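Q:
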Ligand SMILES: [Zn+2]
């Protein structure tokens, strides 16, 4: 008789590099962790600063989003689902918006389980003589082998956990030296420590000895059991936290399926399954939008013949977009989503892209993202863009943010008016 309990297969959960708890346009945390090691300054990885600051994306229509250090952010329904199906798996912390200091409806979910994962080593690099942590993190030799080991990993019924190992993009101190080396080569004056560091880690004092290693973009990986990942998907939790493509072939077992069915029934009884409607009050956003159009109306707009474009493409453009173009024309917005120095431009109808973001045109998209039928209407100078989802064939469309580097579509706003409000408020 086989008495072995079934294996719990896990998948790595990933999301865009831009996270809600990052400082400005750097990838460094908005919530600095205190140093555990007074020598190299290695931080307390499990410390949760309070109040926990969010810098961007608070109004995003997502319900789940990645956060620093292998943690993640959840809205109310997603949090309730975790509390019901995997009680005690995470600790939840309130968050506030950095700019306004107001509480947000997002909770920081911190997985309680931290597991040693196979495949990563810290050899071939210096480590701290006091705390013995490596200088820049734990690395793997061979990516394919590393992933293969993770796919075989059995978490033994732990549904949410972070990896014990960590990684970083190197130290701020080394970055400083290499930036000034490059500047010297091109005949530029050296940067001071303060100039170098203030946009990323404001207030960080210069190092006093060569083994102060401020690891940048310190990260831990987040894993869900395949059964939990599938459950969230089937409960239609809208999220920016998705299964890593490297784990796309992992399938739930028949035991997993039983668990999923049972938990889905539990959630259905409590009214927690199925897509949620946007919570934004339609009246509020519409009057804000009308005010915006009035304040930004430009005279001498050439009248735009939307009907010709719509007929040619067999698409109805959102009325709010047409109102915007008729009153304001093409318009650029600075620093959208706190991306300092960036410019986002809303395009005129003849410059819309009706081709490259349509359903089926973007490889690697899965689930809800793959269903989006996108028409690109705004460009960021970084190469990213925003699309209308015309799949609903309604007069109003949800807006998605296409990130070209991650090849990923992020829900951005419930409609065009709300999208413009986010552009204006840089949040
Ligand atoms: Zn140390």
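Numbering (my numbering), first residue to last: 706 to 1132. Glycine included, C-beta positions come from ideal geometry on N, C-alpha and C. In this text, all values refer to a predicted model and were calculated from it rather than measured experimentally.
1) Quick one: Cα of residue 707 to Cα of residue 1059, how far?
2) Would you be able to state if there are at least three C-beta pairs under 8 Å between the region 716 to 727 and the region 887 to 900?
3) Identify, in the order they occur along the chain, each residue of the same chain with its Cβ nearer than 7 Å to the Cβ of residue 936, setting aside the five sequence neighbours on each side.
4) Could you tell me the distance, in whole angstroms, from the CA atom of residue 812 to the CA atom of residue 803?
5) Please report the residue range of the beta strand (DSSP E) in which residue 1094 lies.
6) I need the straight-line Cα distance from residue 908 to residue 921, nearest angstrom please.
7) Residue 898 lies in the beta strand (DSSP E); which residues open and close that run?
8) Quick check on the contact list: which residues have their beta carbon closer than 6 Å to a heavy atom of ligand 1?
9) If we ignore side chains and look at the alpha-carbon of each, how far apart do residue 972 and residue 925 end up?
10) Measure the C-alpha to C-alpha separation of residue 850 and residue 797 and round it to an integer number of angstroms.
11) Looking at C-beta atoms only, is the number of pairs between the region 725 to 739 and the region 895 to 910 that lie closer than 8 Å three or more?
12) Using three-state DSSP, classify residue 733 as helix, strand or coil.
13) Once the 5 residues before and after residue 1043 are set aside, which same chain residues still bring their CB inside 8 Å of it?
14) Just the Cα atoms here: how many angstroms apart are residue 805 and residue 757?
15) When DSSP labels each residue in this structure, what does residue 819 get in the three-state scheme?
16) For the beta strand (DSSP E) that residue 759 lies in, which residues bound it at each end?
17) Tell me the rounded alpha-carbon separation between residue 1033 and residue 819.
18) Cα-Cα, which of 824, 863 and 1114 is closest to residue 845?
19) So, helix, strand or coil for residue 747, using DSSP?
20) So residue 736 and residue 711 are in contact, right, with Cβ under 8 Å, and what is the actual spacing, rounded?
21) Going by DSSP, what residues sit across from residue 948 in a beta bridge?
22) How would you call residue 1120, buried or exposed, if buried means at least 16 neighbouring beta carbons within 10 angstroms?
23) Which first and last residues belong to the alpha helix (DSSP H) in which residue 972 is found?
24) Just to confirm, is the Cβ distance from residue 766 to residue 943 under 8 Å?
25) Around the C-beta of residue 834, are 16 or more other C-beta atoms found within 10 angstroms, so that it is buried, or is it exposed?
26) Please state whether the Cβ-Cβ distance between residue 696 and residue 1057 is less than 8 Å.
27) Straight-line CA distance for residue 1128 to residue 962?
28) Quick one: what does DSSP say residue 871 is sitting in, helix, strand or coil?
29) Just the C-alpha distance for residue 726 and residue 772, rounded to the nearest angstrom, thanks.
30) What does a CB cutoff of less than 7 Å around residue 1011 pick up in its chain, not counting 5 residues either side in sequence?
31) What does DSSP give as the partner residue(s) for residue 1035 in the beta ladder?
32) Around the C-beta of residue 1133, are 16 or more other C-beta atoms found within 10 angstroms, so that it is buried, or is it exposed?
A: If we stick to the structure as given:
1) Here the question's residue 707 lines up with position 2 in the chain shown. Here the question's residue 1059 lines up with position 354 in the chain shown. The pLDDT assigned to residue 707 is 49, lower than 50, so where the model puts this residue is not dependable; a value taken from the coordinates is nonetheless given after this. Whole-angstrom Cα-Cα distance: 57 Å.
2) Between the region 887 to 900 and the region 716 to 727 there are fewer than three C-beta pairs closer than 8 Å, too few to call the two in contact.
3) Indexing the chain shown from 1 puts residue 936 at position 231. Excluding residues within five positions, the ones whose Cβ falls inside 7 Å are 790, 965, 968 and 969.
4) If you number the chain shown from 1, residue 812 lands on position 107. If you number the chain shown from 1, residue 803 lands on position 98. Cα-Cα distance, rounded: 14 Å.
5) Position 389 of the chain shown, counted from the first residue, corresponds to residue 1094. Unbroken beta strand (DSSP E) run through residue 1094: 1090 to 1094.
6) Taking the first residue of the chain shown as 1, we reach residue 908 at position 203. Taking the first residue of the chain shown as 1, we reach residue 921 at position 216. Across the structure, residue 908 and residue 921 are spaced so that their CA atoms are roughly 15 Å apart.
7) For the purposes of this step, residue 898 is taken as the residue at position 193 of the chain shown. Run containing residue 898: none in the beta strand (DSSP E); it sits in the alpha helix (DSSP H), 898 to 902.
8) Taking each Cβ in turn, the ones that pass are 742, 744, 745, 747, 833, 835, 836 and 838.
9) Against the chain shown, residue 972 aligns to sequence position 267. Against the chain shown, residue 925 aligns to sequence position 220. Their Cα atoms are separated by approximately 30 Å.
10) In the chain shown, counting from the first residue as 1, residue 850 sits at position 145. In the chain shown, counting from the first residue as 1, residue 797 sits at position 92. Each residue's alpha carbon lies about 34 Å from the other.
11) yes
12) As a first step, residue 733 must be located in the chain shown, where it is residue number 28. If DSSP states are grouped into helix, strand and coil, residue 733 belongs with coil.
13) Numbered from 1 along the chain shown, position 338 holds the residue referred to as residue 1043. So the list reads 729, 730, 760, 761, 1131 and 1132, once near-sequence residues are dropped.
14) Start at 1 with the first residue of the chain shown, and residue 805 comes out as number 100. Start at 1 with the first residue of the chain shown, and residue 757 comes out as number 52. Cα to Cα, the separation comes out at about 13 Å.
15) Within the chain shown, numbered from 1, the residue matching residue 819 stands at position 114. Note: residue 819 maps to strand in three-state DSSP.
16) Position 54 of the chain shown, counting from 1, holds the residue named residue 759. Start and end: 757 to 759.
17) Numbered from its first residue, the chain shown carries residue 1033 at position 328. Numbered from its first residue, the chain shown carries residue 819 at position 114. Computed Cα separation, rounded: 52 Å.
18) Start at 1 with the first residue of the chain shown, and residue 845 comes out as number 140. Of 824, 863 and 1114, the residue nearest in Cα terms is 824.
19) Residue numbering aside, residue 747 sits at position 42 when the chain shown is read from its first letter. Residue 747 falls in the coil class under three-state DSSP.
20) Reading the chain shown from its first residue, position 31 is the one you call residue 736. Reading the chain shown from its first residue, position 6 is the one you call residue 711. Not really, about 38 Å apart at Cβ, beyond 8 Å.
21) As a working note, residue 948 is residue 243 in the chain shown. Note: residue 948 sits in a beta bridge opposite 718.
22) If you number the chain shown from 1, residue 1120 lands on position 415. It counts as buried.
23) Residue mapping note: residue 972 aligns to position 267 of the chain shown, counting from 1. Note, residue 972: alpha helix (DSSP H), 959 to 974.
24) By 1-based counting over the chain shown, the position of residue 766 is 61. By 1-based counting over the chain shown, the position of residue 943 is 238. Closer than 8 Å, so yes.
25) As a first step, residue 834 is located in the chain shown; it is residue number 129 there, counting from the start. Under this definition residue 834 is an exposed residue.
26) For residue 696 there is no data in the structure shown, the boundaries of the chain being 706 and 1132.
27) The sequence position of residue 1128 within the chain shown is 423, counting from 1. The sequence position of residue 962 within the chain shown is 257, counting from 1. Approximately 42 Å, taken between the alpha carbons.
28) For the purposes of this step, residue 871 is taken as residue 166 along the chain shown, with counting starting at 1. Looking at residue 871 - three-state DSSP - the assignment turns out to be coil, as it is neither helix nor strand.
29) On the chain shown, residue 726 is found 21 positions in, with the first residue counted as 1. On the chain shown, residue 772 is found 67 positions in, with the first residue counted as 1. Taking the Cα positions, residue 726 is about 6 Å away from residue 772.
30) Along the chain shown, read from residue 1 onward, the residue named residue 1011 stands at position 306. For residue 1011, same chain residues with a beta-carbon under 7 Å away, outside a window of 5 residues either side, are 1022, 1027 and 1054 in chain order.
31) In the chain shown, counting from the first residue as 1, residue 1035 sits at position 330. Paired residue(s): none; residue 1035 is not in a bridge.
32) Here the chain covers residues 706 to 1132 and nothing more, so residue 1133 does not appear.
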